[in-house]
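In our numbering, the protein residues as written are 6 to 287.
What follows is the structure, given as structure tokens:
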């Protein structure tokens, strides 16, 4: 069996398991009631916040590209970013990162290794910023554990570790460390804002910071190769910390809706590929 097909089959199986676990734990009727009463004004704000976060994320990746002397216009890179999001969500057998690398390699003289390293470091930068924001919301949440302030000490250590990895193993990318760290911070802030607007849309008026904290924690589950990993992590995290599981599922699904709507914009570049070629001539 083709390795890519096998990988996709495993992902599907894990996704089905995750969805089954969620369904068995949550009152879906109650979760659906929360979704039905969501206020459209706040949902639009949540979508705009998420969409802008993805625009900034595209700038971050382009900053990494430029350290490798790969010069893409911001407009072209943004189009490729949304194209990649579309493939990741709707055509996972192809994969967004793989298709972007193929397209760029086809039109630019660049080694695949540099593209892979750029994608890896792009995610790492986002992960570091996610750690920072998670610690901040943990501090303001009502969860109290011994030596809670000590978690703030981890933040500079994580940022230093990130810098050191670039310094030792990806030295050519080091000039982008500062700007990508700033971009990543704003990406995560905007995605936390997305969650906040969703919470307001549903009408939650208690434990708002706690829900955002648990949602940020669940975002670490993106490393798992399956659909529903974040939703499962959010529901179980909410249950463990005494929050409403049905509300948590509703928040996750509405966040996923923002992702899906943003990713759909990439469909245009699948249907009209010459719009990408046009950027090469401009």
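Glycine included, every Cβ here is placed at the ideal spot set by N, Cα and C.
Nearest neighbour of residue 47 by Cα position, chosen from 280, 282 and 256, turns out to be 256. A direct Cα-Cα distance of roughly 9 Å separates residue 221 from residue 142. With a cutoff of 8 Å on beta-carbon distance, residue 275 and residue 107 are scored as not near each other. In this structure residue 159 is exposed. Its beta-carbon is surrounded by fewer than 16 other beta-carbon atoms within 10 angstroms. Unbroken alpha helix (DSSP H) runs of no fewer than 4 residues, entirely contained in the region 110-196, are found at 117-145 and 156-174, following chain order. When the beta-carbon positions are compared, residue 219 and residue 243 come within less than 8 Å of each other. Counting the other Cβ atoms within 10 Å of the Cβ of residue 82 gives 16 or more, which makes it buried.
The residue among 58, 129 and 54 with its C-alpha nearest the C-alpha of residue 163 is 129. With respect to the 8 Å criterion, residue 110 and residue 267 are not classified as neighbours on the basis of their beta carbons.
Shown here, residue 209 sits in coil according to DSSP, grouped into three states, outside any helix or strand. At the C-beta level, residue 68 and residue 134 stay beyond 8 Å of one another. Separation of residue 166 and residue 210 (C-alpha to C-alpha, rounded to the nearest whole angstrom) is 38 Å.
Proximity to residue 168 across 156, 182, 155 and 177 peaks at 182, based on C-alpha coordinates.
The continuous alpha helix (DSSP H) containing residue 67 extends over residues 45-72. DSSP places residue 203 within a helical segment (H, G or I) once states are collapsed to three. Our two residues, residue 157 and residue 140, have alpha carbons roughly 7 Å apart in a direct line.
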